[in-house]
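Per the working numbering, the very first residue in the sequence shown carries number 9; after that it's consecutive.
We treat Cβ as the ideally placed atom computed from N, Cα and C, and that holds for glycine.
Every value quoted in this text rests on a predicted model; they were computed, and no experiment measured them.
Reading through the structure tokens given below for one structure.
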Amino acid sequence: MKPPSQPFRRSVHIAANWKLNQSRAEAAAWMREFVAHLRQGWDELSPESARLLQTFRILIFPTLTLIEPLQEMARRARIELGAQDVSRFERGAYTGEVAAWQVREVGAVWALVGHSERRRIFGESDEVVAEKLGRVLDAGLRGMLLVGETLKEREAGRTEEVLRRQLSTALEGVEPADAIRLALAYEPVWAVGTGRNADPELVREAAAFIRGVLEEILGEDARFVPLLYGGSVNPENLLGYLVLEQLDGALIGGASLDPGDFWEMVKLGAAVHLRRFQG
Ligand code: 13P
């Protein structure tokens, strides 16, 4: 008889999506300030906490042009960099596109796929999102797939239908073995950049639904996939999400542009990570 499988403890991820912000000088100054907080904070840890935090993840998604210049500082501080988007093509006559393998070449280890701003402003369909996720995983990157309903869809009672469609289309070609390089973010469109963060109870319900669909698609490997919340997260409301057992962190837009605020949120994430892994 197979022994019962141990509950898998997922790492906490605190991620910054800078969107179309930060000059090279601003990004370097942000990094210097954030890393100074980080070094001081980490220096105060016990050896046991420092060991447990080796699996805690800090991610930054800057514009593509900033990945290479930030790479060395990020590597030394154990911050992982990622692209906000990649091309659905691999190579060829696609003016203006940047391929997943090219962003990996300059130091990205992650890529976002299916952000609602890409879907809404640039008209990306679920099929395009699926192609992009395939490119990301083929290039050896970690992919973070974003899903979420609009206000209209929520008000029409279609949230679950929309989440199921977004997940099943995007994950169609994904093998269970890819689960270790996959992450999800639930970002209700009406909460993104609006200052109107979603109620944690609503997020808990959506996250439980997403976890269920993910398990239908990937089987037991779904347990490896971290699920983040995004949408008007700030240092005051973050903990309300981090305490939800269905969630494994947050993807932060506007509030991540202030290195002091981002540090406050990283500290909360680290504390929740420690609580998860201690004992
Ligand atoms: P805000 O935190 O600015 O609402 O943005 C969230 C987001 O889109 C992260 O990807």
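For residue 151, the enclosing beta strand (DSSP E) stretches over residues 150-155. The nearest non-hydrogen atom of the ligand 13P is 7 Å or more from the C-beta of residue 21. Residue 222 places its beta carbon 8 Å or farther from that of residue 26. Assignment of beta-bridge partners to residue 21 by DSSP yields 65 and 257. Across the structure, residue 90 and residue 252 are spaced so that their CA atoms are roughly 25 Å apart.
By the CB criterion at 8 Å, residue 261 and residue 201 fall inside the cutoff. Taking a C-beta distance under 8 Å as the contact criterion, residue 174 and residue 197 do not qualify as a contact pair. Residues 179 of the same chain have their beta carbon placed closer than 6 Å to that of residue 225, with the five preceding and five following residues left out of the count.
Residue pairing for residue 118: DSSP places it in a beta bridge opposite 90 and 150. Between the C-alpha atoms of residue 146 and residue 186 there is a straight-line separation of about 10 Å. Counted as a single uninterrupted DSSP element, the stretch harbouring residue 235 is not any alpha helix (DSSP H) but the beta strand (DSSP E) occupying residues 235-238. With a 10 Å radius around the Cβ and a threshold of 16 neighbouring Cβ atoms, residue 16 comes out exposed.
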